Each structure stands twice: as structure tokens, then as C-alpha cells.
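Protein chains in written order, with my numbering: chain Z, 1 to 616; chain E, 1001 to 1616. Using N, Cα and C, we set each Cβ at its ideal position, and we do this for glycine too. This structure is a prediction, so every number in the text was calculated from the model and none was measured. Report on the structure given below.
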């Protein structure tokens, strides 16, 4: 039942999205591609997400009254994290409330803007005096006199004498880390970009950053084409081990897709591909190996050793990445065989360890990585969650893209929200969490994960919901959209098998969470903050995550924040900051890696976590 | 007349050479490929060239008596720079008297041996612990733990996991300047080489250095194949300017020849070419451009600006130099358009500027480079001497190689010495200097350079010498070897045109010398030392150089030293020392470059120097 959807228009962005009644403005803004400044994690305490509700405002909450003046309130000012959408709304978003650039560090207190001196790539337009008898300085030394010393490749050196003379000794020097990347005709200082990629097992996300402003110009997301060779990293490692051409095929698949994304990013941003001088990547250890074309076989057997732990700085050309031919590729350092660069990027993006209390970062993807920071110490581990949270291996599963049901609520019937305001064609991970949580609440699923048959349902279940339990070709199923409502003509439903997949995924993360806490001698009550990262993180409901047992039920809800795709955020930060790269190196080096597979308690914890909590 | 040649045998080298009566032991040793330790420049004052004359010793000179004990003298000990060969001789050369390695700096006081910590390339055999659950350190980090941090290329990174496992985590790391060049099976620490090249306009010389000992393993000399495109650098620059394929042809010619020399060096030294990890080059500015494949067109027009002044560190693969595929190429920094890396190398090799007095370095090649060092200041210039000193453009001219007449003396007839103790086939530059000096002394040539006809000769000229003046197809000529004596069946002679070539070459150098001295406010009397470098430098006679006016006649002879091929010596030093590379950079940056072509006095000085001195 798609109904009661309310339009919310954001100004000055001019974007409109449709959301369910009761959705927060922050959530609606996220759907519109606007990240609100929210250093308190949506607790209504930092006051950084101030917006003005031009029309459709509700009464302010207590938190809003505490932070806003009466004049503000009268003028329609609200906190985006607190105010809910109860009617069609127009929202005015002040620039100060938007996480404008990737360079405002997530979770950080300062939201500092980009520091130009810290960007690896810099451009300098120069007008050099032409050589004369009084000034016989050689060509390269002449340029260095203007821009400082650099190293340059033979290929470029060979072109320099002619370029300088042809352009009357004027042009733009492109420098990165004391290397001359290029010397371009005329003043091109306004055209300088870097790309940042999160390379997930299932999903690839890329973004193009204008390095003059730090702003994101375009974002593109794709299914990792390697999924056709195997859903998870183990399947891909096995392919490499068994097939002599396997590594090459997997490597080419990811490089090809990244290049296609690069072209799309540039097209969207109207940027020239040769004005992209760096590309940064964060992914799990296996994905980074496959990107690099490095054999990951050792990751498939005890003791799961990566080829390299340190960050890599490679020539884009060597790797076949289609940016500037002398551009460079930065790949995040890794922590261990199954705790990769994406986790380091997440630690960077969330500034984990900067706050004094115990903080846990949970990155939910095909692998679930968990990091605990406490008292200057960090521990990290990884669990094999499987791709359920990314919508894979789920009967009607899909990524969180147009047509995906991304939110499900039960009242007298089922209410759904679909990304892109189109007819639903499947469901993504957040909707799976929602629907299973609601089914648990309404007694449609038992704590061991068994789905009730239509005739076993409790009487309390409203008729319209009851009618959604059907016997599909795959067995018992729960219908979210009928064939009439669906965009494909086939119904969208959740099966018993889908629930089993969710149980496995949830249990793995929950068990890892418990063991890591125990290792640092903490209990759930000691945890100050839990940060949930991952592609679906922005749209999941905390209560539902706790209802299905993904997070402990005894964790105070206000301690849970969703921090979005921190792997991508970390890759973006590394694209614009050399200090960030140094920090990443240090973190990867100092963090303690916990191997759950040799933890004597893991198996017991895992089996226990397979049961959904008795009540939420 | 090849006669009175005396055999001199050197032990423990076991080499025998044939020399003229009166030749010094130092000179004979040089012919046998043994460089004597001689920090005083052959003045008989440092005592470093002590040898024991086993048989054929003459009476000791005053200098020898001053430095040696009577017991020494009785035992046959002499100074190689003082003692002359008057009879067949056997000489025992103590190791301490030999310039064993390239790492004893020419002209230096200490003769310090190679400092291993200063060599760019180093090898470390490692036996790493295999990864285990207790030690999951990634492969590269594991190696870095043993050898320190390094950068490595993607290509090598891709091979490391397999190599480490195949070789049970044992092998030899090859490092240069914090780069991992290779990781080799088993212990290869004894196989580590570098090559050093002097790339002259006319002659190429290469040498292979064993970096474990600093010793030279092999030396190869070739004609620069670019001579077929033009004798001098101007001709080659014009070819590049006029022919779109010219640069490529010249570049390929030199690279091809260097690679052929590399193969020969390795063959001779029984070294594997992939164990050569660095190659260093010193040449004039144009030659270095052509080696690099960089367009030298700007060197062919005012203000003669090089592409780069700084030293280059390139990938051997990018340049196509056939050493280890990840090996590196170092090319000396240059001072100006016509004062190149060979001059910087010469300054390095002679430690010019280290001594307190005024020192002049004259490097005699196709270009004559002159450097004056005085009171912490250095000035450098270049003059177009032409290739006469290298035996080119001379009717019977040839390089100083087997079959070349390299020394000429007049007594009652002409006495010649031929390199390799074979029949003569031509004459090299030193012989040209000798013969013209002797002809001047005997009145066969006038001071304006005119050769006397047979009927114009003074009566004092002995009959056998008189008979050597003939009318050859080229005009008046002086015969050094008749067709019967010659190895080719054709006579070897010197023509009027050859004498003109020598006049031009000599005048250019002499004029440059005068102007540079004047620039620093010195006269010949103020000069403490003149160092003569160049391929023929070891074999020229000071008196003859002064007789033809190459050096001022009023320069005290003891102030003149021959320092050999300092470009090659500098290239060798750079191959084994990073400090040397830094020093070269500093020198090239700080030296003052004098452009003679805009000096108002140069033309007058040049014309004046065209006349041979009236008497010597």
C-alpha cells in the first residue's frame, strides 16, 4: 500500500522528495541528496541542523524549544533531526546546516573546511620570463623557480621545451606531492578534480570532487560486476586459486567498471577526464587486492595474510585507471585479511577514538566490520555477514536505488516507501530489516525465525496485513507489493529463506560486537556511542535494528547514530588531504586486529545470536 | 721508425707493455691499465706511487732519494712517476700504490675507500619467519620489518606474494633510495653492479663496477655512432631541427650503442645484466639531451638553454637502457648549454675547489671545457675545439686504440710508439700534439702553422727526418710510418690541413683559458695547478702541450697534471655514492657560467692564439 506520501521540497536546492508521514526532515533531506550537519548524531543537542520550515511546520519538540528562541520558532525555524513531516512541506536549508563538502569530517566537532595547503594536487598558473642571454636558466629550473622543486617523468620532460616555447612560457603546472603531473596551456587552475571510490563486494560508489572548493560534483553507484563471478569475497578468492585466468578477469572487471563510472562522473559534472589527477579507493582487503591485480590467494587460507598492509600510491596508468595519464591512485591501508581499507576509511571519517568514551563503529556490508575504540586503544574485527543487507541473495532483493522499497511500517496495513517515487520493483536491505522487525512485533515471525502460515497468525493481526501472507513458489511469503502495485508486474515479497539470510547476517555482526566488547572488558552499558555505517545506514530505523537483534536491545537508543557510507567518506577525505593519508597509515599500523575465527567463544555467541530477541 | 721499444712487465697483474726508452713507469703502467696512486700529480712529492723494480732499475732521482730510505733504494724501490725505463723491466706494484677503485677520488689527499652506507643500491639477504596466526603481518610489511620501509612498483608488488611463498620467505631484497628494485631467489648479495658511462661527442666509454668492493670489473670504449650523423654537437642539433625523425634516430643510436656496451661489459666481467641496478652518465649538454631523447633545439640558438639543469634520475626501462628492468639511470646535472654533466663530473672527480690556491681544469674533447676555481668561487666555460684531439677530421687520425701512434719523439729520426704493440694504422690526438711540437722545434712548421716544403727545410734537420716531408695527394705531408711499416699498407702521415685543425682546436682552448683567468683577476703566474682532463690526457707531454700553445708557455711545468678521463671518473663516483650526487647538484647550481661568444675579447684572443708560440 503506497499511500499518504507527502511531498517535501528543499530550497535553495529545488529538490522534492516523497516521504511517509512521520519521517524526519533529516531523513527526507538525505533522500534528496542533502547531508545535514549533525555532529550530535541526531540527538537534537548540537543545534547544527537548523532549517526554516516555510510551510507545513509542526509544533516544536522539547529539544527544539531548548535550543531555539521563541522568535526562531515563530519564524518556522526547527531542527531537521527533530521535526517530523506531517503535511506537505517546504524547507529552507541554510548553507551552514549542510555538510557542504566531504571535508567536514563526519562526527567531528569543528566541521572544518578544506585546507588547500593539505591537498596533494595543486595547480599554479605561471607566466615565466622567456630565456635571454642575461637569464640562461634551463627550462625545468625556470619553472621550478616559480613553483618549487619537483620530479617529473621522462615522457613529460621530453615535451617541456616545446610546450614552453609554443605557449610563450605561460601555462599551468599541475603538481602532486613534489611531482610535476602536467603542464597545461593557459590558466586551467579552476579545473582540478579528484575521484573517490568505495569498492564494496556488492556495490561500487564513486564520487567526483572539485578540489578548488572541496565540493562533490557527481556521485555514481553501480553493482560490482565481479558479483557475476561470486557473491562474496571467498567465492572470488577461490576463483583465483582454481582458475589461472581468474585474477585477471576479476581485475579487469573492476577496472572496467571503475573507468565506466569515471566517465559517467565526468559527464555528469561536465569535467574533462584529464583534469582528474588522483583517484582514491577504500574497500575490503580482498577487493583492494583485486583492484590492484594482486593475487589474494593467501587471504583464502590460514593465516589470511594480505600482500601489503600499507597504503599504496600507484600510477593510474600502471593500474589502467582512466584519469589523467600521469595521475595517481591512492589505496587505503588495511588492518588485516578481513578488515580492510574501508574500515580504516570509516575510522577516519568518523574520527573514531577522538572522543573520550567507548565508541563502536559497525560497518554493515557483505562483511560486517566492527571497531571498538576505548581509552586510546582500538580493536577491529570482521564477520561474514553475507550480502543480505545489500539486498543480494534475497528473493526480491535489490540495491537501495530507484524502485527499491527502502522503508516499511505496519499500522492497519503495510505502508512502504520507494526510492525515486516510482512503482516498487524490489526491496533493499533497510526494508528487509523493517519488515522482519514488524513481523516479529506482530507475531508473523517467531524468535527462531520461522514465518507463520496464514492459519497460524495471531488474531491481533489486522486483516489487510494477514492477507499478505501467501504461499509463493518459494514457500511461505509476505507480500509488500502485489503484482498490480509492482513496477514489474510480479509481486514483491519476503520469503522464509530471506529471513534465514537475515538471521545469519545479523548473528554474525551481533556475535562480533559482543566478543570485541568483552575483549576490552566492557559491557553494552559502558558503550558511549554506536556508529552504524554502510550503504543502507542512513535509512534504517534504530528500533528495528534492535528488534531483529542487529544491535543489543539494552543499548540506549540515543547512543546509536547512523553515519552513512563511511568508506566513501574516508576515500573522499583522503582525496583532499595528505594529513588524512598519514593518519590512516598510523591507524592501520596501530590498531589491534582480532581474528574471530580463532576466538573460542565465537561459535557459541553466533549460534545464540541466530535467535531474534523475544520481544523488542 | 718503431724501434728501441722496451718490454715492461707488471706484477702481480702479469701484464707486459712495450714502451719507448725514457718513458716513466707511471706512463707504462697506465698503458697496462694500471692507474697509479699519485696525489701530487706526478711531482715526486707524495711518495704514493712506490713500486719495486725487480729488474732493469736505473739510478734513483733526487726526488726519490728524498723520499726513500737507502734500504728501499737498494731493494729496488722507486717512485713510478720519477723512474724512467731504460732497459727491459719487471715492476712489482704494491696494492697500496694502485688506484684500485674508482672510489679513491682523483686528486684527493685521502684516497678514501668506498663508503658502503653511501651507495644507493644495497642488497639484503633475508630469512623471514613465515606468517602464522600469531604473526599475521602482511607480506610487504613483513619484508619491511627486516629491511626498512620502501616503495615498490605495482608490477613487483604483484609478484611478491608468490615469490615469498615459493622461496619459503627467503631471498635477497635489492633496494635503491628507498625503492624495492627486486626480490631475488636465495642469497645474491655478492652480485651487485652499477655501470658508469662517459658519453662524449666522439667517444663513448663505459665501465662496470662491482658495488660490493667498488672495483672496476670491465671497461669498454666505442666510437659514438652518432658521428655518422655529424661530427660535432652543432651538426646533430641541426639534424634535429631540420629532420622530424632526427631526434629519434640520434637517440636510438646512442641507446643502442650503450646497450651493446652494457652487454660487452657484462660478458667481460661475467656478470648478469639483471644484476646491474644503476647506470650513471656524464656527457656534454647536447649528448645528455640526445641520450634522454629530449629535443636539444634550444641549444642551437641564442641563448642556448638546456631543458633541465638538475640531475635526472630516470627509470632504465623508460629510457630503454638494458640493465635490470626496474633499474635506474642517473644523468649528471649540467651547468649551461655548452658546459655539461661531463664538466660537473670532472669537478667532482678532481675535487676542484677543495684546495686553497687557484686551480684550472681543462677538459680536452670535441668541446674544450675550462673551469677556474679560486677563493671559493668557480667559473666555467666551453670552447668549440673540434674533434682534432680525438683523432677525428685528421687525415690519418684515429682514436687512442690498438694501432694508433700515440707518442712521437724526434732525435736523429722519428721514433713512434703504437698502442697495443702492433703495426701502426693511424695517429691519435696525443701523437698529433707530439709531432707538431717536434716539427715546430725542428723548424718544419712555422709559427703561423705553415709546413715547410722539402726544399725549405733548415739544414739542421737530420736526413731521415728531412726525407719524411713528402707531397701527398692532400699536399705537403710528414710521414710517421711508411706504407711498408704501416699495418694497412698505406702510409701514416700528417698534412697541412691536419695542422690547421690542431691550430683551431688549440686556439679555442687557449683563448678560453685566458679569458676565464682574466675574469677572476688572475694571471698565469697566479695559477697553482692546471689539471688536464680528456681521453688523451694521460699520454700527452706537458712540454709539447706548451710548445703548441695549448697551455701558456710561462706556466711552470710542475703545476701541470694530467688527470685522465674525469667525466668517466665522475660517473663512476656517482654510481657508488649518493653524497657525490648531492655534491654534483650543488656545484652545478652554484658555479658561474661564462658565455665566451658574448665576451668582447674572445675573438681577438682567439685569433692571437691561432699562432703557435715562437719558441718553446
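For residue 1160/E, the three-state secondary structure derived from DSSP is helix. The CB of residue 1336/E comes closer than 9 angstroms to the CB of 136 and 138 in chain Z, given here in chain order. Nearest CB-CB separation between residue 382/Z and chain E: not below the 7 angstroms threshold. DSSP lists no beta-bridge partner residue for residue 74/Z. Its Cα nearest to that of residue 1334/E, the residue 137/Z stands out among 137/Z, 253/Z and 428/Z. Sixteen is the threshold: since fewer than 16 other Cβ atoms of the shown chains lie within 10 Å of the Cβ of residue 1151/E, the residue is exposed. Rounded to the nearest angstrom, the gap between the Cα atoms of residue 1595/E and residue 1240/E is 23 angstroms. Looking from the CA of residue 1299/E, the closest CA among 1339/E, 1086/E and 1436/E belongs to 1339/E. Among the bridge pairs identified by DSSP, residue 168/Z is matched with none. Take residue 557/Z, set aside five residues on each side of it, and the residues of its chain with a beta-carbon closer than 6 angstroms to its own are 542, in chain order. Apart from the 5 residues on each side of it in sequence, residue 219/Z sits with its Cβ closer than 6 angstroms to the Cβ of 207 in its chain, given in chain order. Under the three-state reduction of DSSP output, residue 1610/E falls in the coil class, being neither helix nor strand. Annotated as distal: residue 281/Z and residue 348/Z, with beta-carbon spacing of 7 angstroms or more.
Residue pairing by DSSP places residue 1313/E opposite 1330/E in a beta bridge.
Considering only 427/Z, 297/Z, 321/Z and 589/Z, the residue with the shortest C-alpha distance to residue 494/Z is 427/Z. Just so you know, the alpha carbons of residue 230/Z and residue 237/Z end up roughly 9 angstroms apart.
According to the DSSP secondary-structure assignment, residue 281/Z is paired through a beta bridge with 197/Z and 331/Z.
Going by DSSP, residue 1585/E is part of the alpha helix (DSSP H) stretching over 1578-1590.
Just measuring C-alpha positions, the residue of 1243/E, 1413/E, 1468/E and 1514/E sitting nearest residue 1372/E is 1514/E.
Counting C-beta pairs with one atom in each stretch, the segment 358-365 of chain Z and the segment 524-534 of chain Z have three or more that are closer than 8 angstroms, which means they touch. The residues 239 and 240, in chain order, have a CB closer than 7 angstroms to that of residue 246/Z in the same chain once the five nearest residues on each side in sequence are set aside. When C-beta distances to chain E are compared with 9 angstroms, the residues of the segment 299-311 of chain Z below that value are 302, 303, 304, 305, 306, 307, 308, 309 and 310, in chain order.
Residue nearest to residue 148/Z within the set 454/Z, 61/Z, 285/Z and 123/Z is 123/Z (criterion: CA-CA distance). Residue 1480/E and residue 1496/E have their C-alpha atoms spaced approximately 14 angstroms apart. Its chain contains 368, 383, 384, 385 and 606 as the residues whose beta carbon lies nearer than 7 angstroms to that of residue 508/Z, once the 5 sequence neighbours on both sides are disregarded; these appear in chain order.
Residues of chain Z whose Cβ lies closer than 9 angstroms to the Cβ of residue 1593/E are, in chain order, 136. Cβ-Cβ separation between residue 1225/E and residue 1253/E: approximately 4 angstroms, consistent with a contact (criterion under 8 angstroms). Residues of chain E whose Cβ lies closer than 8 angstroms to the Cβ of residue 610/Z do not exist; the shortest such Cβ separation is about 26 angstroms.
One Cα belongs to residue 7/Z, the other to residue 453/Z, and the distance between them is close to 37 angstroms. Within the segment 193-248 of chain Z, the complete alpha helix (DSSP H) segments of 4 residues or longer fall at 233-242, listed in chain order. By the criterion of a C-beta distance shorter than 6 angstroms, residue 1591/E is surrounded in its chain by 1335, 1378 and 1380, once the five residues flanking it on both sides are discounted.
Looking at the DSSP output, residue 397/Z shares a beta bridge with 427/Z. Chain-ordered listing is empty here: chain Z has no CB closer than 8 angstroms to the CB of residue 1226/E, the nearest sitting near 18 angstroms. In the DSSP assignment, residue 150/Z falls outside any alpha helix (DSSP H) and carries neither an H nor an E. The beta carbons of residue 394/Z and residue 498/Z sit about 5 angstroms from each other, so the pair counts as a contact at 8 angstroms.
Collapsing the DSSP output to three states places residue 1554/E in coil.
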